[in-house]
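For reference, the structure is listed below as structure tokens.
Protein chains in written order, with the working numbering: chain A, 296 to 691; chain B, 518 to 685.
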């Protein structure tokens with residue numbers, strides 16, 4: 296067994312290594328000019344150059360990566376430094392008539408280890424394959440980091456919003472409701488006191504009563520909305536009649552919201568429409584719904600309120616003749632949209648959350664809601680609530 | 518006419534817009550897609566001034582990697598550097614000290630300019646001007662708000678660094 300590698304084997308290994316590794320090389324004089332180079336050396340240069348343009352020239356004039364590093368290279372020629380390396384240099388080069396992006400590493404060592412002053416060997420090794428793989432990995436890692444950072448930021452904002460929401464809800468529950476109730480109670484007393492007087496004071500006290508009642512309803516709605524979003528809305532179920540509930544809702548609007556009774560046309564079923572429902576919430580939901588619809592139509596528009604039996608369901612229909620909405624507007628009414636821009640900057644109708652809230656309350660009673668608009672029939676808001684199977688004894 | 522050749526490195530965290538700033542400065546264009554750099558890419562830009570011609574070799578260094586010997590190799594021989602941070606990501610300014618310390622260890626005389634990039638993203642901005650001012654004063658480096666996307670202050674940023682380099 297030979298223990299020393301023969302020149303023939305060494306030459307073969309070098310030949311084979313050159314087949315599987317793309318590299319170029321140059322010999323540099325100790326003044327850092329190019330003495331000789333491999334055939335493919337010019338293709339790695341910073342700008343396309345011929346051999347004649349390279350030989351005898353300072354290496355940094357054709358390989359810009361070495362600009363500013365002359366002192367480092369001279370340290371190698373003087374034996375103060377063993378070598379110098381630069382990795383992952385990106386370059387667009389021309390190869391076989393094609394423009395391609397390559398990554399290569401640069402190594403500079405003494406030409407002969409024993410006498411560094413004899414000049415330098417510059418080796419450029421094409422590492423495009425590993426470079427491209429690393430670029431893809433880096434790309435994915437960086438994109439993931441960006442996503443992670445965004446998620447952390449969003450999470451912080453969510454936490455902040457959550458805390459703010461909690462504080463606001465606490466204030467509404469503990470303070471605003473109390474204030475609103477006090478204002479309402481006082482307003483009712485003032486209204487009664489000034490009732491015989493039909494002057495500005497009477498009108499103002501009435502205005503105060505209406506708005507403080509609206510505020511109280513709004514507080515209740517906000518609390519319900521939060522319960523709905525949190526999935527913990529608890530209904531206080533009892534037996535009631537949809538006719539009575541609807542009539543109460545209309546009366547609530549007439550009495551407390553100062554809406555003229557002439558704006559309503561009631562067509563109630565002669566049959567009792569028994570429901571197992573949270574009566575108070577249902578009254579508020581129907582009132583919310585009618586009130587919201589009234590805000591969407593011109594002031595003199597008449598609303599027809601129907602109730603009827605429809606198979607296993609009690610039906611409530613609120614009809615607005617001559618007023619139509621687009622599909623997107625109808626969809627917005629039902630999806631809990633609230634106007635984002637100030638009214639003067641908004642092209643949208645000024646809608647609020649009342650219809651969405653009412654829809655959700657109806658759904659919590661296993662009901663269905665639908666809102667449709669046609670040119671011929673105007674707009675119709677329809678609710679179906681399951682009839683309680685043990686009917687009430689009474690008939691109208 | 519005097520011919521000057523300077524090596525300038527762009528430093529900073531990943532995805533702050535170093536490559537985009539160079540592309541805007543050298544090619545006058547912007548690409549919205551993010552393509553991570555690895556290693557280094559060198560671009561040359563020649564600036565003609567009344568009393569000199571400056572050949573700038575702009576080293577676009579990959580950001581975000583740990584500080585190691587590889588980066589030291591890239592920084593050797595640098596006459597100047599631009600540290601780039603992203604105005605929409607506060608942590609990209611936090612690494613300023615590490616980068617500048619490393620640069621000053623290797624190239625103590627290198628001039629430095631601090632660039633707060635992505636100035637066009639007003640709504641997402643999280644780094645305030647007073648923070649940049651404080652760093653600028655503490656480390657004695659001028660700063661500019663830039664946008665590779667709109668081109669805002671990009672020419673000015675390189676001109677500012679050139680002024681710093683030529684003075685030195």
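Just so you know, even glycine gets a beta-carbon here, dropped at the ideal spot from N, CA and C.
- For residue 575 of chain B, the nearest beta carbon of chain A is not closer than 7 Å to its own beta carbon.
- Exposure of residue 630 of chain A is indicated by the presence of fewer than 16 other C-beta atoms within 10 angstroms of its C-beta.
- Counting along the chain, residue 573 of chain B sits inside the beta strand (DSSP E) bounded by residues 569-578.
- Three or more beta-carbon pairs separated by less than 8 Å link the segment 591-607 of chain B to the segment 622-633 of chain B, which places the two stretches in contact.
- With a contact defined as Cβ atoms closer than 8 Å, residue 602 of chain A and residue 563 of chain A qualify at about 5 Å.
- Counting only residues of its own chain and dropping the five nearest sequence neighbours on each side, residue 384 of chain A has a CB closer than 8 Å to the CB of 360, 398, 399, 400, 401.
- DSSP places residue 654 of chain B inside the alpha helix (DSSP H), whose first and last residues are 646-656.
- Taking every protein chain shown into account, the CB of residue 576 of chain B has 16 or more other CB atoms within 10 angstroms, so this residue is buried.
- An exposed status is given to residue 474 of chain A, since fewer than 16 other beta-carbon atoms sit within 10 Å of its beta-carbon.
- Within chain A, no C-beta atom comes nearer than 8 Å to that of residue 540 of chain B; the closest sits roughly 13 Å away.
- A straight line joining the alpha-carbon of residue 625 of chain A with that of residue 597 of chain A spans about 19 Å.
- The Cβ atoms of residue 667 of chain B and residue 637 of chain B lie closer than 7 Å to each other.
- Contacts with chain B at 7 Å (Cβ-Cβ) do not include residue 450 of chain A.
- Nearest CB-CB separation between residue 602 of chain A and chain B: not below the 7 Å threshold.
- Residue 389 of chain A is bridged by DSSP to A:394.
- Taken in chain order, the members of the segment 550-570 of chain B whose beta-carbon sits within less than 8 Å of a beta-carbon on chain A are 551, 552, 553, 554, 555, 556, 557, 558, 559, 561.
- Within chain B, 593, 594 have C-beta atoms less than 8 Å from the C-beta of residue 364 of chain A, given in sequence order.
- A Cβ of chain A is located within less than 7 Å of the beta carbon of residue 532 of chain B.
- When the five nearest sequence neighbours on each side are left out, the beta carbons in the same chain lying within less than 7 Å of the beta carbon of residue 317 of chain A are those of 421, in order along the chain.
- The Cβ-Cβ distance between residue 598 of chain B and residue 555 of chain B does not fall below 7 Å.
- In the displayed model, residue 611 of chain B falls within a helix according to three-state DSSP.
- Around the C-beta of residue 549 of chain B, fewer than 16 other C-beta atoms lie within 10 Å, and the residue is accordingly described as exposed.
- Using a 10 angstroms sphere on the CB of residue 544 of chain A, the tally of other CB atoms reaches 16 or more, which defines it as buried.
- When C-beta atoms of the segment 605-617 of chain A are compared with those of the segment 665-678 of chain A, three or more pairs fall below 8 Å, so the two segments count as touching.
- Taking a contact to require three or more Cβ pairs closer than 8 Å, the segment 560-577 of chain B and the segment 677-685 of chain A do not qualify as touching.
- Closest in C-alpha terms to residue 332 of chain A, from the list A:325, A:319, A:341, comes A:319.
- When DSSP states are grouped into helix, strand and coil, residue 584 of chain A belongs to the helix group.
- For residue 602 of chain B and residue 527 of chain B, the gap between their C-alpha atoms comes out near 11 Å.
- The shortest C-alpha to C-alpha distance from residue 513 of chain A to any of A:467, A:480, A:411 is the one to A:467.
- Against chain A, the CB of residue 529 of chain B has no partner CB under 7 Å away; the residue lies outside that interface.
- At a cut-off of 7 Å between C-beta atoms, residue 381 of chain A counts as an interface residue with respect to chain B.
- For residue 543 of chain A, the three-state secondary structure derived from DSSP is helix.
- Put simply, of B:578, B:615, B:614, B:631 the residue whose alpha carbon is nearest the alpha carbon of residue 604 of chain B is B:631.
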